[in-house]
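Following: one structure in structure tokens, then a few remarks.
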Amino acid sequence: MIPDLVAMEEPLVIELNGKTVAVMMRLPGDEKELAAGFCISEGLVPHFQDITLIHHCGQSSPMVDSEDGLEESRNLIQISAKRVNEALLREDKVMMIRSGCGRADVRGLDELLPRCESDSKVSLETIFSLVRKLQGVQIVYQMTRGSHIAALFDLSGELVVFKEDIGRHNAIDKVIGHCLFRGIELSDKLLFSSGRISYEMVVKAIRSRISVVLSFCAPTSVALELAEASGCTVIGFLRGSRAKVYTNQWRVSAGRVTIVSGE
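Using the UniProt record's numbering, read the sequence shown as starting at 1 and increasing by one per residue.
So, in structure tokens, the structure goes:
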């Protein structure tokens, strides 16, 4: 038998104000960023400033000092927040999030999501440059072929942050959480994911005020419906010097290349 490297997969329980809100399978690392990004992108907490404490493995975040002796666990995150979405917390259910899946309920989402108010624009030449900048950064993927990547770029194409995880939704929450902890503005950023553009990914972007979502892969129909209604630009099949701009094309300037419509 030939030994091989595989991606590590472990559960993570997220508790919000004493209630278990999610159990997810994830690649260990960046647990606080993952939990914070999840709570914001899923609408459980309205604003990052509402979070007063994030506790993991006996260590509290720099937000406040903790003296409450919370249980120490590698696979448990405990969050305290001043304000939460009471309607979601009252639901008697826990989100079970596997490495390849996100949430499953889309009822009323188009009515609840905020509009992408950013007037940011980006050129296709900048968009095509992103692929080159991602080459070589996927360490876990290169070693195991078992991870997804999410990355945030600014409008000039500079890489702000990238994260890997066995779940594409987790990777997105990790980059969002990274920026939330560091006060990095999200409304003028481009969100890239190595997975298909599902409605969950678009929802996470919109709730985080990200207005442009990109991927090597295809979008789904519900993702496009939500993106169009909320003012989010979706770009799929980003390969070489070609891409399909599916929604809100006004954000993308062609420059010296041709826009391929997704319609």
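Virtual Cβ for every residue (Gly too), placed ideally from N, Cα, C. Only a predicted model underlies this, so the values are computations on that prediction, with no experimental measurement involved.
Start-to-end residues for the beta strand (DSSP E) that takes in residue i
i: residue 127; result: Note, residue 127: premise wrong, no beta strand (DSSP E); alpha helix (DSSP H) at 124–134.
i: residue 239; result: 233–239
i: residue 15; result: 10–16
i: residue 190; result: 189–193
i: residue 79; result: 76–81
i: residue 144; result: Here residue 144 belongs to no beta strand (DSSP E); instead the alpha helix (DSSP H) covers 139–144.
i: residue 19; result: 19–26
i: residue 121; result: Segment: none, residue 121 is in no beta strand (DSSP E) and carries neither H nor E.
i: residue 242; result: 242–245
Option in the options with minimal Cα separation from residue i
i: residue 7; options: 138, 179 and 241; result: 138
i: residue 215; options: 88, 47, 127 and 85; result: 127
i: residue 194; options: 131, 227 and 251; result: 131
i: residue 279; options: 153, 164 and 160; result: The structure shown does not extend to residue 279, since the chain is modelled only from 1 through 263, so no value can be given for it.
i: residue 199; options: 170, 254, 180 and 219; result: 219
i: residue 252; options: 222, 223, 240 and 213; result: 213
i: residue 185; options: 39, 160, 42 and 28; result: 160
i: residue 27; options: 124, 135, 141 and 40; result: 141
i: residue 170; options: 228, 149 and 208; result: 149
i: residue 42; options: 209, 196, 222 and 181; result: 209
i: residue 197; options: 226, 84 and 44; result: 226
i: residue 228; options: 239, 246 and 241; result: 246
i: residue 298; options: 17, 239, 9 and 10; result: Here the chain comprises residues numbered 1 to 263, so residue 298 is not present and cannot be evaluated.
i: residue 181; options: 157, 31 and 224; result: 31
i: residue 17; options: 10, 55 and 9; result: 55
Residue range of the unbroken alpha helix (DSSP H) whose run includes residue i
i: residue 200; result: 199–207
i: residue 150; result: Careful: residue 150 lies outside any alpha helix (DSSP H), inside the beta strand (DSSP E) at 148–154.
i: residue 181; result: 168–182
i: residue 210; result: No alpha helix (DSSP H) contains residue 210, which DSSP labels as neither H nor E.
i: residue 222; result: 221–230
i: residue 32; result: 31–41
Pair within 8 Å by beta-carbon distance, residue i and residue j
i: residue 205; j: residue 175; result: no
i: residue 21; j: residue 75; result: no
i: residue 172; j: residue 191; result: yes
i: residue 154; j: residue 188; result: yes
i: residue 78; j: residue 15; result: yes
i: residue 177; j: residue 37; result: yes
i: residue 87; j: residue 51; result: no
i: residue 254; j: residue 53; result: no
i: residue 84; j: residue 45; result: yes
i: residue 203; j: residue 234; result: no
Chain-order list of residues whose beta-carbon lies under 8 Å from that of residue i (same chain, five-residue window excluded)
i: residue 3; result: none
i: residue 19; result: 89
i: residue 231; result: 115, 116, 117, 211 and 248
i: residue 9; result: 25, 26, 27, 99 and 166
Residues of its chain near residue i, where Cβ-Cβ distance is below 6 Å and the 5 sequence neighbours each way are ignored
i: residue 249; result: none
i: residue 113; result: 206 and 230
i: residue 133; result: 159
i: residue 147; result: 7, 140, 141, 164 and 166
i: residue 65; result: Note that residue 65 scores a pLDDT of 39, beneath 50, so its modelled location is shaky; the value from the coordinates is reported in the next line. So the list is empty, once near-sequence residues are dropped.
i: residue 179; result: 186
i: residue 39; result: 45
Contacting residues, own chain, Cβ-Cβ under 7 Å from residue i (five flanking each side not counted)
i: residue 217; result: 195, 196, 197 and 236
i: residue 29; result: none
i: residue 5; result: 143 and 144
i: residue 48; result: 36, 40 and 180
i: residue 156; result: 126
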